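To keep things clear, I will list the structure first and then write my remarks on it.
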Amino acid sequence: MPWLSFEGKPCFLVTDHNGGRLSRLADELEITQLSTGTDVLDLARTVLEDPASSYTEVRHAGIRLAECLTDALRVAESRGLRLPVPDTEATEATEATEDTHESTASK
């Protein structure tokens, strides 16, 4: 989930993958957080590229960027936890087959 508990710990949603109300709310908040991060990045670039920007402006931009990066990392971690764990043996066999095809094709 893209927010913290009252204790400051990450929240995780256990779902049956049917897209329930709380799951949709979390997805919408993730989209908003990532969109906000993009907007803040664009605004921060303007401040950081201007040599006349004051210390206060640069500091404010840095603080906002750190907040957005924190949100983006939380979203990435949350989404990563939802990915299925690949079968290591099957993955290694596939990679070995691909390597064999690539080396044969390059000859």
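Residue numbers (our numbering): 1 to 107. Ideal Cβ placement from N, Cα and C applies to all residues, glycine included. Nothing here was measured: the structure is a model prediction, and the numbers come from that model.
Does the beta carbon of residue 56 come closer than 8 angstroms to any beta carbon on chain C?
-> As a matter of chain content, chain C is missing from the structure shown, which is built from one protein chain.
Are the beta-carbon atoms of residue 74 and residue 10 separated by less than 8 angstroms?
-> Reading the sequence shown from its first residue, position 74 is the one you call residue 74. Reading the sequence shown from its first residue, position 10 is the one you call residue 10. Yes.
Give the single residue among 37, 19, 26 whose Cα lies nearest to the Cα of residue 65.
-> If you number the sequence shown from 1, residue 65 lands on position 65. Comparing alpha-carbon positions, the option among 37, 19, 26 lying closest to residue 65 turns out to be 37.
Look at the alpha carbon of residue 44 and the alpha carbon of residue 51, and state the distance between them as a whole number of angstroms.
-> As a first step, residue 44 must be located in the sequence shown, where it is residue number 44. As a first step, residue 51 must be located in the sequence shown, where it is residue number 51. If you draw a straight line from the Cα of residue 44 to the Cα of residue 51, it comes to about 13 angstroms.
Do residue 58 and residue 48 have their C-beta atoms closer together than 8 angstroms?
-> Reading the sequence shown from its first residue, position 58 is the one you call residue 58. Reading the sequence shown from its first residue, position 48 is the one you call residue 48. Taking 8 angstroms as the Cβ cut-off, residue 58 and residue 48 qualify as a contacting pair.
Apart from the five residues on each side of it in sequence, which residues of its chain come closer than 7 angstroms, Cβ to Cβ, to residue 5?
-> Counting from one through the sequence shown, the residue named residue 5 turns up at place 5. Closer than 7 angstroms at the Cβ level, and outside the excluded window around residue 5, lie 11.
Between residue 71 and the rest of its own chain, which residues show a CB-CB distance below 8 angstroms, the 5 nearest in sequence each way excluded?
-> Within the sequence shown, the letter at position 71 stands for residue 71. Correct list, in chain order: 2, 33, 34, 36, 37.
Status (buried if at least 16 other CB within 10 Å, exposed otherwise) for residue 76 | Taking the sequence shown and counting its residues from 1, the one referred to as residue 76 is at position 76. Taking all protein chains shown into account, residue 76 has fewer than 16 neighbouring C-beta atoms within 10 Å of its C-beta and is therefore exposed.
Return the CA-CA distance between residue 53 and residue 67, expressed in angstroms with no decimal places.
-> Looking up residue 53 in the sequence shown gives position 53. Looking up residue 67 in the sequence shown gives position 67. Going by the C-alpha atoms only, they are around 20 angstroms apart.
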